[in-house]
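This report concerns only the one structure given below.
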Amino acid sequence: MSPRAAWRLEAEGFREVYDFVPGKVAWLAAGLPTEGTGPHYAVAGEVASPEVPTCSFDSRTAAARERMERAGSSYCVVVNDAGIILGRVRARDLGTGDAPVRDVMQPGPATVRPTAELKPLVARMHKANVTTILVASEKGRLLGVVDRSRAEALLRDPPIGRPLL
Amino acid sequence: MPAELHDVDALRSLLGSEAQLLEVLPEQEYEEEHLPGAVNISLKKLTPAALDTLDRTRPVVVYCWDDA
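Protein sequences appear in the order of chains A and B. Count the first sequence with my numbering and you get residues 51 to 215, in order. Count the second sequence with my numbering and you get residues 205 to 272, in order.
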């Protein structure tokens with residue numbers, strides 16, 4: 051819709067026209083303030099924490115264990131140099147030795163986009179009995195993690211004083 | 205040719221200057237929630253008269269819901 055509008059404005063003589071391609075939902079996903087009189091459309095990105103322990107595909111489980119312990123996390127996300135998610139390694143899969151992370155990681159962990167609507171996402175997390183879910187860009191880059199309890203807190207008590215959609 | 209902005213930081217940078225922000229979604233969606241400072245003219249109402257409310261000499265950033 052916005053590309054057509056941008057072209058229309060240009061045809062009407064506007065000299066400098068921009069199309070903000072990702073749209074309103076990307077603004078919401080960045081957790082930025084909005085205006086309006088209706089309910090707030092809560093999305094995953096606004097509650098995602100960027101604090102996620104990561105390790106590289108070529109690292110060893112001892113290093114992954116150390117990162118998990120430092121972060122107080124039960125898992126570590128395996129990423130490449132570009133931050134693309136390659137897998138996830140869980141503390142319970144590490145064993146006691148020092149093996150290559152690639153040998154124990156789970157490939158293809160579930161992810162959601164930062165623009166995913168929060169309320170149905172939390173419902174799906176409940177149903178699947180998961181407490182966290184990774185947030186990734188459309189190209190697979192790790193952006194953060196949604197903690198279910200934090201998301202539920204936002205749904206219970208919207209911080210901007212407006213009801214949630 | 206309209207330029208494309210692909211990330212929020214680029215938009216915020218532009219809004220920090222003198223750009224105008226135009227939401228082209230239907231009025232109800234705009235009323236419920238919109239970007240700060242945005243004005244609303246839905247795509248179906250983009251008539252020359254409606255556009256006269258905007259300054260043709262200043263940059264305009266157009267947006268809708270998403271990239272679909």
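No residue lacks a Cβ here, since even glycine has one placed at the ideal position from N, Cα and C.
{"Check": "Starting from the C-beta of D108(A), find all residues in its chain whose C-beta is less than 8 Å away, skip the five residues before and the five after it, and write them out in chain order.", "Outcome": "P150, V151 and R152"}
{"Check": "If you compare alpha carbons, which of T111(A), R142(A) and D131(A) is closest to S124(A)?", "Outcome": "R142(A)"}
{"Check": "Could you tell me which of V139(A), R115(A), P100(A) and G86(A) sits nearest to D197(A), measuring between CA atoms?", "Outcome": "P100(A)"}
{"Check": "Check whether the segment 90–99 of chain A and the segment 240–259 of chain B touch, using three or more Cβ-Cβ pairs below 8 Å as the test.", "Outcome": "no"}
{"Check": "Looking only at its chain, what residues have a beta carbon closer than 6 Å to the beta carbon of I134(A), apart from the 5 residues adjacent to it on each side?", "Outcome": "G190 and R191"}
{"Check": "Are V265(B) and L59(A) close, meaning C-beta to C-beta below 8 Å?", "Outcome": "no"}
{"Check": "Counting Cβ pairs, one atom from each stretch, are 3 or more of them under 8 Å apart for the segment 52–70 of chain A and the segment 166–179 of chain A?", "Outcome": "no"}
{"Check": "Apply the 10 Å Cβ neighbour rule to Q224(B) and answer buried if 16 or more other Cβ atoms are within range, or exposed otherwise.", "Outcome": "buried"}
{"Check": "Whose C-alpha, out of N179(A), R138(A) and L214(A), is nearest the C-alpha of S199(A)?", "Outcome": "N179(A)"}
{"Check": "Starting from the N-terminal side, write out each stretch of the alpha helix (DSSP H) that is 4 residues or longer and does not extend beyond the segment 112–169 of chain A.", "Outcome": "151–154"}
{"Check": "Under 8 Å between C-beta atoms, does E66(A) make it to chain B?", "Outcome": "yes"}
{"Check": "For R262(B), which of helix, strand or coil comes out of DSSP?", "Outcome": "coil"}
{"Check": "Could you give the residue range of the beta strand (DSSP E) that holds V228(B)?", "Outcome": "From DSSP, V228(B) is part of no beta strand (DSSP E); its letter is neither H nor E."}
{"Check": "According to DSSP, is L214(A) part of a helix, a strand, or is it coil?", "Outcome": "strand"}
{"Check": "Cα separation between V243(B) and A186(A)?", "Outcome": "31 Å"}
{"Check": "Taking a Cβ distance cut-off of 8 Å, strictly less, list which residues of the segment 185–205 of chain A are near chain B, in chain order.", "Outcome": "none"}
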